[in-house]
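*Asks:* Start counting the sequence shown at 1; every next residue gets the next number (UniProt numbering).
Sending over a structure as structure tokens; questions will come in a sec.
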Amino acid sequence: MSHNPEKLQPRLAKLNEALESGALDQARRMLNRGLAPVDVAHLLESTPPKEREILWGLLDPELHGDVLQYLNDDVQIEFLNRMDAEQLLTATEGLDVDDLADLLQQLPNTVIQEVLQSMEAQERQRVEEVLSYPEDTAGGLMNPDAITIRPDITLDVVMRYLRRHERLPDATDTLLVVTRRDELIGILPINRLLVSDVSVLVREVMETDFHSIQATASDSDVATLFQKHDLISAPVVSVDGLLLGRITIDDVVDVIREDAEHQVMSMAGLDEDEDTFAPALRTSRRRAVWLGINLVAATIVSIAIGFFEDTIQQIAALAVLMPIVSSMGGIAGSQTLTVLIRGIALGHVSGANVRWLLVRELLVGMTNGLIWAVVVGAMSVIRFDDIRLGEIIAMAMVINLTVATLAGTLIPVLLKKLKIDPALSGGVLLTTITDVVGFVAFLGLATALYL
Numbered sequence: 001m002s003h004n005p006e007k008l009q010p011r012l013a014k015l016n017e018a019l020e021s022g023a024l025d026q027a028r029r030m031l032n033r034g035l036a037p038v039d040v041a042h043l044l045e046s047t048p049p050k051e052r053e054i055l056w057g058l059l060d061p062e063l064h065g066d067v068l069q070y071l072n073d074d075v076q077i078e079f080l081n082r083m084d085a086e087q088l089l090t091a092t093e094g095l096d097v098d099d100l101a102d103l104l105q106q107l108p109n110t111v112i113q114e115v116l117q118s119m120e121a122q123e124r125q126r127v128e129e130v131l132s133y134p135e136d137t138a139g140g141l142m143n144p145d146a147i148t149i150r151p152d153i154t155l156d157v158v159m160r161y162l163r164r165h166e167r168l169p170d171a172t173d174t175l176l177v178v179t180r181r182d183e184l185i186g187i188l189p190i191n192r193l194l195v196s197d198v199s200v201l202v203r204e205v206m207e208t209d210f211h212s213i214q215a216t217a218s219d220s221d222v223a224t225l226f227q228k229h230d231l232i233s234a235p236v237v238s239v240d241g242l243l244l245g246r247i248t249i250d251d252v253v254d255v256i257r258e259d260a261e262h263q264v265m266s267m268a269g270l271d272e273d274e275d276t277f278a279p280a281l282r283t284s285r286r287r288a289v290w291l292g293i294n295l296v297a298a299t300i301v302s303i304a305i306g307f308f309e310d311t312i313q314q315i316a317a318l319a320v321l322m323p324i325v326s327s328m329g330g331i332a333g334s335q336t337l338t339v340l341i342r343g344i345a346l347g348h349v350s351g352a353n354v355r356w357l358l359v360r361e362l363l364v365g366m367t368n369g370l371i372w373a374v375v376v377g378a379m380s381v382i383r384f385d386d387i388r389l390g391e392i393i394a395m396a397m398v399i400n401l402t403v404a405t406l407a408g409t410l411i412p413v414l415l416k417k418l419k420i421d422p423a424l425s426g427g428v429l430l431t432t433i434t435d436v437v438g439f440v441a442f443l444g445l446a447t448a449l450y451l
């Protein structure tokens with residue numbers, strides 16, 4: 001389910017008008033009758049804290065769970081922390097097991113146990129099974145709800161068995177064929193079931209060449225598998241091949257969206273689940289850490305420049321040209337870094353091809369360095385009427401662009417080996433390296449050739 005922000009804006013404006021005029025009954029009707037849960041979640045995320053409180057209070061309690069599952073973590077936790085076990089049970093009644101587990105993982109262990117103890121034994125066991133896996137694994141994403149059948153029954157029996165269900169689990173495109181000990185041995189696509197002779201046995205028409213996912217697989221590996229093979233759903237199995245549940249395409253879309261948000265926000269040192277309307281103090285505290293890290297990097301760069309203070313004082317033109325060298329190196333390095341981070345995320349980069357990429361990027365860096373060295377060198381000669389200054393900035397440009405592409409290749413690979421997110425810290429490291437190398441190369445050459 002999705003929302004259209006353009007269509008929601010007029011509704012949001014009407015809701016605000018109703019709230020401002022005190023027409024709470026009208027606002028309540030608009031909120032509970034006219035919008036899907038995903039749209040209500042979008043409205044809550046698009047509203048400052050004070051109005052958000054009013055909107056949440058106007059929302060019918062039975063809709064709380066449906067709305068909560070679509071909220072980002074920051075806003076979700078804000079509301080969950082105010083609910084007791086009984087309210088949580090009421091709110092989450094009817095939710096899929098994987099969605100319920102996602103909500104519970106945001107709560108303290110004591111509250112989780114209290115909620116679990118309030119559940120029926122069978123439901124509790126299914127939720128506990130999902131909770132036993134980290135949320136960023138296939139086990140944490142899976143839903144235990146799946147239609148299973150045995151291989152030694154006819155398709156007619158299968159059809160009668162399906163008709164006994166009031167509804168099938170969402171995104172059911174295949175039936176899972178298991179043994180008596182729940183070992184997954186095949187799948188039966190619904191479209192094959194519908195066009196096959198009802199008198200044949202399941203084992204005669206089931207597919208044994210299918211894609212299953214280990215419960216411990218990472219969510220990014222799951223997303224890659226779905227993308228490569230255009231899957232709608234896939235079974236999740238234990239190390240012994242026993243069926244545990246299945247993952248559906250809606251869960252994978254969430255993973256892809258979260259990964260994309262993570263990449264964008266991480267480059268600024270921010271959390272992808274950060275509330276747009278979070279209070280100023282909380283926002284300041286979160287951003288302060290990253291600003292401190294950048295201050296350390298900037299200090300390192302300023303120390304490097306400080307070694308050449310006398311040179312800068314004697315040759316004023318250097319101060320004018322310095323930013324060009326560091327900026328060009330930063331852009332070149334960022335291009336390489338972005339390509340490598342994307343390649344790592346897609347599983348394209350491995351130990352077997354890193355050397356090829358390294359050589360390629362070095363050639364790219366040297367080529368672009370030479371091209372732009374000529375351009376910038378010529379501009380400097382024209383601007384300051386100093387051939388030696390043009391030569392210095394040209395040499396510095398080649399050095400910095402070459403080092404930048406080298407660093408842009410190696411930094412994400414090394415960080416990945418150290419199990420550090422390249423998107424989070426790669427940019428700061430790269431900028432520090434390109435700035436230091438650019439300034440030292442430029443000012444060092446100027447010191448050597450002029451003074």
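Every residue gets a Cβ at the ideal spot worked out from N, C-alpha and C, and that includes glycine.
Bear in mind that the values here come from a model prediction, so they are computed numbers and not experimental data.
Quick check on DSSP: helix, strand or coil for Thr-137?
*Replies:* It is a strand residue.
*Asks:* List the endpoints of the continuous alpha helix (DSSP H) containing Gly-390.
*Replies:* Counting along the chain, the alpha helix (DSSP H) containing Gly-390 begins and ends at 387-417.
*Asks:* Would you kindly work out how many angstroms separate the C-alpha atoms of Ser-132 and Leu-141, rounded to a whole number?
*Replies:* Computed Cα separation, rounded: 11 Å.
*Asks:* By DSSP, does Ile-315 sit in helix, in strand, or in coil?
*Replies:* Ile-315: coil per DSSP, three-state reduction.
*Asks:* At which residue ranges does the region 292-370 contain complete alpha helix (DSSP H) runs of 4 or more residues, listed in the order of the chain?
*Replies:* You should have 309-314, 317-345.
*Asks:* In angstroms with no decimal places, state the Cα-to-Cα distance between Asp-230 and Asn-191.
*Replies:* Taking the straight line joining both Cα atoms gives about 16 Å.
*Asks:* Using C-beta distances below 7 Å, list every residue in its chain close to Ile-387, excluding the 5 sequence neighbours before and after it, in chain order.
*Replies:* Once the five neighbours on either side are set aside, the close Cβ partners of Ile-387 are Val-381.
*Asks:* By a C-beta neighbour count over all protein chains shown, 10 Å radius and 16 as the cutoff for buried, is Val-359 buried or exposed?
*Replies:* The residue is exposed, with fewer than 16 neighbouring Cβ atoms inside 10 Å.
*Asks:* Between the C-alpha atoms of Leu-58 and Lys-50, what's the straight-line distance to the nearest angstrom?
*Replies:* Between Leu-58 and Lys-50, the C-alpha separation is close to 13 Å.
*Asks:* Starting from Val-111, trace the alpha helix (DSSP H) both ways and give me its first and last residue.
*Replies:* From DSSP, the alpha helix (DSSP H) with Val-111 extends over 109-117.
*Asks:* Below 8 Å, how does it come out for the region 219-229 and the region 164-178: are there three or more Cβ pairs, yes or no?
*Replies:* Judged by Cβ distances under 8 Å, the region 219-229 makes no contact with the region 164-178, as fewer than three pairs qualify.
*Asks:* Please report the distance separating the alpha-carbon of Pro-151 from that of Ile-249.
*Replies:* Between Pro-151 and Ile-249, the C-alpha separation is close to 26 Å.
*Asks:* State yes or no: is the C-beta of Leu-68 nearer than 6 Å to some heavy atom of the ligand COA?
*Replies:* You won't find the ligand COA in this model; it holds no ligand whatsoever.
*Asks:* Please report the straight-line C-alpha distance between Ala-424 and Leu-418, rounded to a whole angstrom.
*Replies:* The displayed chain sequence assigns Leu, not Ala, to residue 424. Cα to Cα, the separation comes out at about 13 Å.
*Asks:* Thinking C-alpha only, which one of Ala-404, Glu-129, Leu-184, Gly-351 is nearest Val-428?
*Replies:* The option with the nearest alpha carbon to Val-428 is Ala-404.
*Asks:* Go through its chain and collect everything with a Cβ distance to Arg-82's Cβ below 7 Å, but skip five positions before and after it.
*Replies:* So the list is empty, once near-sequence residues are dropped.
*Asks:* With a threshold of 8 Å on Cβ separation, who are the neighbours of Ile-149 within its own chain once the five nearest residues in sequence on each side are excluded?
*Replies:* These residues qualify, in order along the chain: Val-158, Tyr-161, Leu-175, Leu-176, Val-177, Val-178, Leu-188, Val-202.
*Asks:* Count the CB pairs spanning the region 430-441 and the region 291-310 that are closer than 8 Å, and state whether there are at least three.
*Replies:* Yes: at least three Cβ pairs fall under 8 Å.
*Asks:* When we look at the beta-carbon of Gly-139 and count the other beta-carbons within 10 Å, is it buried (16 or more) or exposed?
*Replies:* Answer is buried; the Cβ neighbour count reaches 16.
*Asks:* Can you check DSSP and say which residues form a bridge with Pro-235?
*Replies:* In the DSSP output, where bridge partners are listed per residue, Pro-235 has Arg-246.
*Asks:* Between which two residues does the beta strand (DSSP E) containing Leu-176 stretch?
*Replies:* Unbroken beta strand (DSSP E) run through Leu-176: 174-178.
*Asks:* Can you tell me whether Met-1 is buried or exposed, with buried defined as 16 or more other CB within 10 angstroms of its CB?
*Replies:* Summary for Met-1: the model assigns pLDDT 44, below 50, so the residue's position carries little reliability; its value from the coordinates is reported in the next sentence. Under this definition Met-1 is an exposed residue.
*Asks:* Quick check: the Cα distance between Gln-106 and Glu-114, rounded to an integer number of angstroms?
*Replies:* Straight-line Cα distance between these residues: approximately 14 Å.
*Asks:* Is there contact here, the region 285-292 with the region 356-371, by at least three beta-carbon pairs under 8 Å?
*Replies:* Taking 8 Å as the limit for Cβ pairs, the verdict is that the region 356-371 does not touch the region 285-292.
*Asks:* On the three-state DSSP scale, how would you describe Gly-186?
*Replies:* It is a strand residue.
*Asks:* Buried or exposed: where does Val-75 fall if 16 or more other Cβ atoms within 10 Å of its Cβ makes it buried?
*Replies:* Flag for Val-75 reads buried.
*Asks:* With DSSP collapsed to three states, give me the class of Thr-47.
*Replies:* Residue state, collapsed to three classes: coil.
*Asks:* Quick one: residues in its chain with C-beta nearer than 7 Å to the C-beta of Ala-27, no 5 flanking neighbours on either side, listed in chain order?
*Replies:* Contacts found: Leu-15, Ala-18, Leu-19, Leu-58.
*Asks:* According to the Cβ coordinates, are Gly-245 and Pro-144 closer than 7 Å?
*Replies:* A contact, by the Cβ cut-off of 7 Å.
*Asks:* Relative to the C-alpha of Leu-430, which candidate in Thr-47, Thr-276, Thr-409 has its C-alpha closest?
*Replies:* For Leu-430, the nearest C-alpha among the options comes from Thr-409.
*Asks:* Suppose the cutoff is 8 Å on Cβ atoms and the five residues either side in sequence are ignored; what does the same chain contact list for Leu-80 look like?
*Replies:* The residues are Leu-68, Leu-88, Leu-103, Gln-106, Leu-107.
*Asks:* With 7 Å as the threshold, decide whether the Cβ of Gly-427 is near any Cβ in chain B.
*Replies:* No chain B appears in the structure shown, which is made up of a single protein chain.
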